[in-house]
Each structure stands twice: as structure tokens, then as C-alpha cells.
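Peer 1:
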Amino acid sequence: MLQLQVLRQNPQGVKERLAIKHFAETGLVDTILSLDDQRKKFQLEFDNNQAKVNSTSKEIGQLMAKGQKEEAENKKQEVAALKSSLQPIAEQLSAIEKQLQDELVKLPNLPSNKVPAGKTPADNVVVKEAGKQPELPAGAVPHWDLIKKYDIVDFETGAKITGSGFALYKGKGAKLQRALIQYFLDFNTAAGYTEYLPPFMVNEASAYGTGQLPDKEGQMYHMQEDNFFMIPTSEVPVTNIYRDEIVKEIDLPIKMTAYSPCFRREAGSFGKDVRGLNRVHQFDKVEVVQLVHPDKSYEVHQEMVDHIEKLLQSLELPYRILALCGGDMSFTSALTYDFEVYSAAQDRWLEVSSVSNFEAYQTNRMKIRFKDSTGKMQLTHSLNGSSLALPRIMACLLENNQTKDNVNLPAAIATYFGSSTLL
RNA sequence: GGUGAGGUGGAUGAGUGGCUGAAAUCAACGGUUUGCUAAACCGUCGUACGACCUUAAAGUUGUACCGAGGGUUCGAAUCCCUCCCUCACCGCCA
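Right under this line is the structure:
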């Protein structure tokens, strides 16, 4: 949620930024500001009246103590009258406050000035492309054939147990997942991130805090009886660790990492896009999250991008980094860089990580604050990135390193997997 | 799931209708003292949203907030209702 203060200071600037995100309803800004003015007006009126009620009530107490019953009774009448005239003001005030809040959450985060213009994924800017293209052996096949051939992921049985889009990892496939998770977590903790293993379901307040609610409830699995949501990413529970907390400035940056399965209900598209491990309802991911001083968030964003780049390099996969354009960015993000790895056998790029700076958009909802050196309360900035999403990494590892009857594994993984080949 | 006890400021914890936005202690911060450390002493020490004043900061001031939401009352941390959560014991269970 944007800070009202930002809208007040520069409504025109806000509209211009929103345009970069291709957010059409810029009139919302004016609506919100006028609601804010109304709110202030009603609050002033309410406060003044309530002050009178409070002081008169105090007088009643004093009169009663002195035994001046009659005068006390008169005052009571006075207060009763005041209160009944106050009633409608109070109602209007709270109605406006709610309306203001409802409108404010409809505004997406403002894109930073580093965000390239553009509307669709085609407009994203390739910032960097690196890594060696593999030379595939003759008869190389996509991962969905490989996993079948080596019997390491079984979608049919996953569908039988649960439904389509739920993979059953088996044997070396399951072990490779475990090795990757372990490797990623170790890589992150070595860079100073604290490891967490969070709950995989969250309550409404947490889903709201990171921006899944309102609006995106359809993308999450919902436990109706208990009103819990299966997490779509560990970003949700991890960022919410500090919800409604005032942290110490010297404790910043707070660096956290977590593994979790991620659950996505998203209505799938069809065909090649969703084949095999490309898109599933449940997948594993290791995430990094940081809460930082607002002055540092862009510096930290770059640091996180570098961190994830190193991780990808260690996997020896060809990759590229994209700066997402205004139209392709998520609602809550101010700057997003995507990482894609090249899947040789599919001849396409697959997104494996997304590194975003949310500035104060999430923390304003969650009220994650600190007191700066001058004693002023400030919101921290929050950032997160995947490091990494497993299924597509696995797909690329399998495809790009396939040999005639085996798959070679990069050295970094071999250590964790206990072998330099899959079989 | 059952029974019982609870949820108060950074922490501990007092507070059963007006003098309580909240004692006390600890922590933290500023200062005095000090060869250094410790101790002692003095002071500061919640948040949000307004108003006034100001270029701004500061300052003055109002309102709200003692788990959440309702209610009773002239007046609620305190009484009542609903919900949530925590702890203990029992039950069930990996």
C-alpha cells in the first residue's frame, strides 16, 4: 500500500509513475486525496466534540464527589445531548476511513525510475546474458521425456493422488530435489541469510500483509474451515515474521532465507508452456527476503541480483537477466529483475527467479518500522528473490547436461547429490 | 476436543468504574561522576491520526489505542457478550 503522504506531496508525479505501469485508473489518486480531506474534516469535528464529552464527564465525577447531585444530573443531560449529535459524525468518519483504505489498496506500487517503459513481456530489457550454451548430443530430448526415461518424476501418479499439476518425485529425482534445496540454503546462509522453516499455511492478516489479499485470493488454495491459505511462496510467512514490529536500526538489514513448497492454484494455460515441470500447482523453492534501511534498498537489490547470479553460475547453466518493463511488473513491486535459464532441448528461456524491491509498499501494510537516528519512525523497505525455484532448474539441468544414457551434474550439485551423474 | 488460568507500554508486572495513557522494577537512551570498567546519581523513555505554530525541526494541544470486535454507563484497562490467541493439565495423535 502506498503511503498517503506520497500522494499528498506529489499527486501529479504519482500519476505519471502509475502510467509507466499502465495503470489506467489514475483518477483514484484524486479520489483518495479528496477522501483524505474529508477524513480530516470529520476527525477534527469528532475530536472537538469528544473532548467536550470527556471534560464534562470529568466534571460530573467531581460534582458527585462533592455531593452536588442536581448539578451532576444537569451535566449528564448535557453530555447525553452531545453524544447523540456526535453519533452521526462518528459513523461518517469511520465510513470515510474505511473507504479511504479500500481505495488506497487499489493503487499498485510505483515503479522506480530504473524500470524500462513497455507494456508486455516482449518489452522487457535483457540486462545481461551469460553462460555457455550446451552442445546437445544427437537425439537430445526435452525434460518430460527424460524424467520418464529415467523414472524420476511421475505426473500420472501425482495426478492420481491429487490432481494434474502435482508431481510425484521418485528415487534419484526426489534425491536431486533434496540436494538442490540443501545446496541453495547453504549458499544463502553462507552469504549471511538466516535460515527459517516457516508454516506452509498462513492466516488472512499475513496474506494481506504481502499483498496476496485482497484481490488475488483465487490464486491461493484456501482452507475454508480454518480460513488459512496455502502459501504461494515462503515470501509470505517470512516477510510477515516482522509484521507490526518496530525493529532496531542497527539490526538492519535483516536477511532471511527459507525453503518451502509453493502452492499455486492459477488457472493454467495449455500446451507446451505447461508441459512437464514448466508449470505445476506445487513446487519447491528457496527464497531470500531482506528488510533494509530505505536508503539502501536499491543497493541491496543489486546485491541480491549479484548473489543469485553467482548461484546460477555455480550451476553452470546459460542464463539471462531481464529488467521487467512497467507493464509486466507485479502489482506490489517497484523494480523487478527476472532470471531465466535456457532450456536447450525446449529451445526456450524459463523463469527461475524474480528479484524485487517493494520499497515501503509491503512494509506500509505490515507496519514494519524502525526509529532512525533522529528519532523519527520510518518504514523499512522489503525485497525478495527466489534462490531458486526448483522445477525449471531441474528441467534445465536434465536437458542441458544429458548424455546418451545419463545426465551429468555440475560440481556444486555433485557434492550434495553424492555423485557427478544422475544415475 | 475437555477443564482451568491468562492476554496491560521493549521486558517483568501493578491496577475490580472517575485522581490511570497507565505504578514499580529492569532494559534502552542522554547527562553528571570516573584514570578505565563497574557502581551511584539526575533526566528522557509508547504508537497512530488530527489541530495550532513553524520555511522546517522543535514545541503546544486534541482524539483514539491496555488481544480483536460489540455492549452497559455521564464516565471503562477495570462490568457484560462474542471471537482470537497463549499457558497448564487431561484426551487424541506423528
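Sequential numbering of the first sequence, starting at 1135, is according to our numbering. A virtual CB, placed ideally from N, CA and C, is assigned to each residue, including glycine.
Which runs of the alpha helix (DSSP H) at least 4 residues long sit entirely within the stretch 1267-1341? Give them in chain order.
Peer 2: Those alpha helix (DSSP H) runs which fall completely within the stretch 1267-1341 and span 4+ residues are 1277-1283, 1289-1295 and 1306-1324.
Peer 1: Of all the alpha helix (DSSP H) runs that stay within the bounds of the stretch 1362-1397, which reach a length of 4 or more residues?
Peer 2: You should have 1369-1373.
Peer 1: State the DSSP-derived secondary structure class of A1548, mapped to helix, strand or coil.
Peer 2: Reading the first sequence from its first residue, position 414 is the one you call residue 1548. If DSSP states are grouped into helix, strand and coil, A1548 belongs with the helices.
Peer 1: Check the C-beta distance from G1343 over to R1377 and give it rounded, since I have them as a contact under 8 Å.
Peer 2: Numbered from its first residue, the first sequence carries residue 1343 at position 209. Numbered from its first residue, the first sequence carries residue 1377 at position 243. That pair is a contact at about 5 Å.
Peer 1: Span of the beta strand (DSSP E) holding I1455?
Peer 2: Your numbering for residue 1455 matches position 321 in the first sequence. Here the beta strand (DSSP E) through I1455 covers Y1453 to A1457.
Peer 1: Apply the 10 Å Cβ neighbour rule to Q1143 and answer buried if 16 or more other Cβ atoms are within range, or exposed otherwise.
Peer 2: By 1-based counting over the first sequence, the position of residue 1143 is 9. The residue is exposed, with fewer than 16 neighbouring Cβ atoms inside 10 Å.
Peer 1: Mind checking L1178: buried by the 16 CB within 10 Å criterion, or exposed?
Peer 2: Sequence index remark: in the first sequence, residue 1178 carries index 44 (1-based). Flag for L1178 reads exposed.
Peer 1: Relative to the C-alpha of G1410, which candidate in P1255, N1535, T1555 and R1526 has its C-alpha closest?
Peer 2: Position 276 of the first sequence, counted from the first residue, corresponds to residue 1410. The option with the nearest alpha carbon to G1410 is R1526.
Peer 1: Classify I1496 as buried or exposed, calling it buried when 16 or more other Cβ atoms lie within 10 Å of its own Cβ.
Peer 2: By one-based count along the first sequence, residue 1496 stands at place 362. As written in the sequence, residue 1496 is Gln, which differs from the Ile given in the question. Q1496 should be labelled buried.
Peer 1: Hey, out of A1158, D1170, V1381 and S1477, whose CA is closest to L1138's CA?
Peer 2: For the purposes of this step, residue 1138 is taken as residue 4 along the first sequence, with counting starting at 1. The candidate whose alpha carbon is nearest that of L1138 is D1170.
Peer 1: Along the alpha helix (DSSP H) that carries K1217, what are the first and last residues, could you check?
Peer 2: On the first sequence, residue 1217 is found 83 positions in, with the first residue counted as 1. Taken as a continuous stretch (DSSP letters only), the alpha helix (DSSP H) holding K1217 covers K1203 to L1238.
Peer 1: Given this structure, state the Cα-to-Cα distance separating I1574 from K1510, to the nearest angstrom.
Peer 2: Beyond the ends of the chain as shown, which are 1135 and 1557, falls residue 1574; an answer cannot be given.
Peer 1: Which whole-angstrom value is the C-beta distance of M1335 and M1364, which I expect to be below 8 Å?
Peer 2: In the first sequence, counting from the first residue as 1, residue 1335 sits at position 201. In the first sequence, counting from the first residue as 1, residue 1364 sits at position 230. Contact flag correct, Cβ pair sits at about 6 Å.
Peer 1: Look up M1357 in the DSSP assignment and say whether it is helix, strand or coil.
Peer 2: For this step, residue 1357 is matched to residue 223 along the first sequence. Correct three-state label for M1357: strand.
Peer 1: Which residues mark the beginning and the end of the alpha helix (DSSP H) in which E1433 is found?
Peer 2: In the first sequence, residue 1433 corresponds to position 299, counting from 1. Counting along the chain, the alpha helix (DSSP H) containing E1433 begins and ends at S1431 to S1448.
Peer 1: For Q1311, does the count of other Cβ atoms within 10 angstroms reach 16, so buried, or fall short, so exposed?
Peer 2: For the purposes of this step, residue 1311 is identified with residue 177 of the first sequence, where counting begins at 1. So Q1311 counts as buried.
Peer 1: Give me the Cα-Cα distance between V1322 and V1422, rounded to the nearest whole angstrom.
Peer 2: By 1-based counting over the first sequence, the position of residue 1322 is 188. By 1-based counting over the first sequence, the position of residue 1422 is 288. Checking the sequence shown, residue 1322 turns out to be Asn, not Val. About 8 Å.
Peer 1: Within its chain, find whatever has a CB closer than 8 Å to the CB of N1361; leave out the 5 residues flanking it on each side and keep chain order.
Peer 2: Locating residue 1361 in the first sequence gives position 227, where the first residue counts as 1. Around N1361: N1337 and E1338.
Peer 1: If you draw a straight line from the C-alpha of E1212 to the C-alpha of S1189, how long is it?
Peer 2: To locate residue 1212, count along the first sequence from 1; it is residue 78. To locate residue 1189, count along the first sequence from 1; it is residue 55. If I take the Cα positions, the gap works out to 12 Å.
Peer 1: With a CB to CB cut of under 8 Å and the five nearest residues on each side skipped, what residues in its chain are close to Q1233?
Peer 2: Here residue 1233 refers to the residue found at position 99 of the first sequence. Taken in chain order, the residues that qualify are L1169.
Peer 1: Would you give the residue range spanned by the beta strand (DSSP E) that T1555 belongs to?
Peer 2: Reading the first sequence from its first residue, position 421 is the one you call residue 1555. Looking at the DSSP string, T1555 is not in any beta strand (DSSP E), and its letter there is neither H nor E.
Peer 1: With DSSP run on the structure shown, which of helix, strand or coil describes Q1416?
Peer 2: Counting from one through the first sequence, the residue named residue 1416 turns up at place 282. Reduced to three states, the DSSP call for Q1416 is strand.
Peer 1: In this structure, does DSSP put K1538 in helix, strand or coil?
Peer 2: Here residue 1538 refers to the residue found at position 404 of the first sequence. Correct three-state label for K1538: coil.
Peer 1: With contact counted as at least three CB pairs below 8 Å, one residue from each stretch, are the stretch 1274-1284 and the stretch 1172-1187 in contact?
Peer 2: Contact between the stretch 1274-1284 and the stretch 1172-1187 is absent, because fewer than three Cβ pairs lie under 8 Å.
Peer 1: To the nearest angstrom, how far is the alpha carbon of I1375 from that of M1500?
Peer 2: Along the first sequence, read from residue 1 onward, the residue named residue 1375 stands at position 241. Along the first sequence, read from residue 1 onward, the residue named residue 1500 stands at position 366. Each residue's alpha carbon lies about 10 Å from the other.
Peer 1: Please list, in chain order, all residues of the same chain as K1538 whose beta carbon is under 7 Å from its beta carbon, the five residues on each side excluded.
Peer 2: Taking the first residue of the first sequence as position 1, residue 1538 is located at position 404. Closer than 7 Å at Cβ, skipping near neighbours: P1271.
Peer 1: If you draw a straight line from the C-alpha of E1400 to the C-alpha of A1229, how long is it?
Peer 2: For this step, residue 1400 is matched to residue 266 along the first sequence. For this step, residue 1229 is matched to residue 95 along the first sequence. One C-alpha to the other measures close to 34 Å.
Peer 1: So M1135 and V1259 are in contact, right, with Cβ under 8 Å, and what is the actual spacing, rounded?
Peer 2: Walking along the first sequence from the start, residue 1135 turns up at place 1. Walking along the first sequence from the start, residue 1259 turns up at place 125. 28 Å between Cβ atoms; not a contact.
Peer 1: What residues match up with E1474 in a beta bridge as DSSP calls it?
Peer 2: Here residue 1474 refers to the residue found at position 340 of the first sequence. Per DSSP, R1454 and E1485.
Peer 1: Going by DSSP, what residue range makes up the alpha helix (DSSP H) through S1516?
Peer 2: Counted from its first residue, the first sequence places residue 1516 at position 382. Premise fails: S1516 lies in the beta strand (DSSP E), H1515 to A1523, not in any alpha helix (DSSP H).
Peer 1: Between the C-alpha atoms of A1214 and K1174, what's the straight-line distance to the nearest angstrom?
Peer 2: In the first sequence, the residue the question calls residue 1214 occupies position 80. In the first sequence, the residue the question calls residue 1174 occupies position 40. One C-alpha to the other measures close to 25 Å.
Peer 1: For E1263, which beta-bridge partners are listed by DSSP?
Peer 2: In the first sequence, residue 1263 corresponds to position 129, counting from 1. According to DSSP, which records beta bridges pairwise, E1263 is partnered with R1454.
Peer 1: By the 10 Å Cβ neighbour count, where 16 or more other Cβ atoms means buried, how is L1331 classified, buried or exposed?
Peer 2: Walking along the first sequence from the start, residue 1331 turns up at place 197. Classification for L1331: exposed.
Peer 1: Which one of A1256, S1490, Q1512 and P1268 has the shortest CA to CA distance from Q1480?
Peer 2: If you number the first sequence from 1, residue 1480 lands on position 346. It is P1268 whose Cα lies nearest to the Cα of Q1480.
Peer 1: Assuming contact is defined by CB atoms lying nearer than 7 Å, are F1289 and A1308 in contact in what I supplied?
Peer 2: As a working mapping, residue 1289 is identified with position 155 in the first sequence. As a working mapping, residue 1308 is identified with position 174 in the first sequence. It is not a contact, given that the beta carbons lie outside the stated cut-off.
Peer 1: Tell me where the alpha helix (DSSP H) around K1175 begins and ends.
Peer 2: On the first sequence, position 41 is the one that residue 1175 refers to. That run of the alpha helix (DSSP H) goes G1161 to K1200.
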